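Novice: Under the UniProt record's numbering, the first residue of the sequence shown is numbered 180, with each subsequent residue one higher.
Structure provided below as structure tokens; questions to follow.
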Amino acid sequence: EKDILSKLPLRGKKVLITAGPTYEAIDPVRFIGNHSSGKMGFEIAKVAANLGAEVFLIAGPSHQKINHSFVKRIDVVSAEEMYNAAHNYFNDVDIAILSAAVADYKLKNVAHQKIKKKDVSLEIELEPTKDILASLGKIKKHQFLVGFALETNNELANAKGKLQRKNLDAIVLNSLQDKGAGFATDTNKITIIDKNLKETPFKLKSKEAVAKDIMNVIIDKIDA
Ligand code: CTP
Ligand code: CA
Numbered sequence: 180e181k182d183i184l185s186k187l188p189l190r191g192k193k194v195l196i197t198a199g200p201t202y203e204a205i206d207p208v209r210f211i212g213n214h215s216s217g218k219m220g221f222e223i224a225k226v227a228a229n230l231g232a233e234v235f236l237i238a239g240p241s242h243q244k245i246n247h248s249f250v251k252r253i254d255v256v257s258a259e260e261m262y263n264a265a266h267n268y269f270n271d272v273d274i275a276i277l278s279a280a281v282a283d284y285k286l287k288n289v290a291h292q293k294i295k296k297k298d299v300s301l302e303i304e305l306e307p308t309k310d311i312l313a314s315l316g317k318i319k320k321h322q323f324l325v326g327f328a329l330e331t332n333n334e335l336a337n338a339k340g341k342l343q344r345k346n347l348d349a350i351v352l353n354s355l356q357d358k359g360a361g362f363a364t365d366t367n368k369i370t371i372i373d374k375n376l377k378e379t380p381f382k383l384k385s386k387e388a389v390a391k392d393i394m395n396v397i398i399d400k401i402d403a
């Protein structure tokens, strides 16, 4: 008799996903953030879990909800917390998909008290955050590592540069130029680029359908 669970292509596989924005504190009541909703990453988590994977979803601040027995959600706030959480799980997973909109800069000195307003301009000094994806690219062994690229210009060239610089197996290019694609919408238009720099463009679709396309390509590449 055939085990019906064997039809789940990701059964026995572990998948790490980062999603949402990160918030970088300015003082106890203020932060620097971005418009990422987390929707794309949460949809990928759902699709991967429905395909049988055990999913570790590392989420920045987001209103998205997920309720799936195969998904473990790890909530983080800052880029540094996301970096630490991602490195905690990475060794153990088969696939890592980094869709989070991670802050590129953080405060050099976070104020311990609320900053009071004055009549003069305020300067805050920023320093770079650590690049989670690039760091995982350096330490990866068996893992299939997928990044995202958000571009407004020179999209394909920039995405290919990120793929190669960060030692990825594939990158999902997310075009902000397309109406209906990106941050605040329920739809997305992507191009997946593999490590041989082969481009596969997809039509504008719901983020759920986009998540299925992404998982389909990954399953194909890892031969699951
Ligand atoms: N990323 C990350 N850690 C960071 C910054 C980015 O893991 N500190 C990941 C994102 O999750 C995404 C990929 O790197 O998968 C590309 O992010 P993007 O912002 O498009 O590129 P950057 O390399 O940060 O370059 P830039 O913002 O200058 O385009
Ligand atoms: Ca960035």
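Beta carbons are placed, not taken as given, at the ideal position from N, Cα and C, and that holds for glycine.
No experiment lies behind these values; they were computed from the predicted model shown.
For Asp-310 and His-214, what's the separation of their Cα atoms in angstroms?
Specialist: Each residue's alpha carbon lies about 19 angstroms from the other.
Novice: If you drop the 5 nearest sequence neighbours on each side, which residues of the same chain put their C-beta closer than 6 angstroms to that of Asp-273?
Specialist: Cβ within range, chain order: Lys-192 and Lys-193.
Novice: Can you confirm whether the segment 246 to 263 touches the segment 298 to 312 when touching is taken to mean that 3 or more C-beta pairs between the two stretches lie within less than 8 angstroms?
Specialist: With a cut-off of 8 angstroms, the segment 246 to 263 and the segment 298 to 312 count as touching, because enough Cβ pairs lie within range.
Novice: Please report how far the alpha carbon of Leu-383 lies from the alpha carbon of Leu-355, in whole angstroms.
Specialist: Distance between the alpha carbons of Leu-383 and Leu-355: 12 angstroms.
Novice: How long is the line joining the alpha carbons of Asp-373 and Asp-298, rounded to whole angstroms?
Specialist: Near 52 angstroms, if we compare the C-alpha coordinates of Asp-298 and Asp-373.
Novice: Taking His-321 as the reference, give the member of Ala-338, Leu-335 and Leu-347 with the closest Cα.
Specialist: Checked all of Ala-338, Leu-335 and Leu-347; the closest Cα to His-321 is Leu-347.
Novice: Buried or exposed for Ser-278, going by 16 or more other Cβ atoms inside 10 Å?
Specialist: Per the 10 Å Cβ criterion, buried.
Novice: Hey, Leu-286 and Leu-305: beta-carbon distance below 9 angstroms or not?
Specialist: Contact: yes.
Novice: State the beta-bridge partners of Leu-277 as determined by DSSP.
Specialist: Its beta-bridge partners are Thr-197 and Gly-326.
Novice: Quick one, which of Pro-207, Gly-316, Lys-186 and Ser-216 has its alpha-carbon nearest Ala-280's?
Specialist: For Ala-280, the nearest C-alpha among the options comes from Ser-216.
Novice: Does DSSP put Ser-314 in a helix, in a strand, or in coil?
Specialist: Helix at Ser-314.
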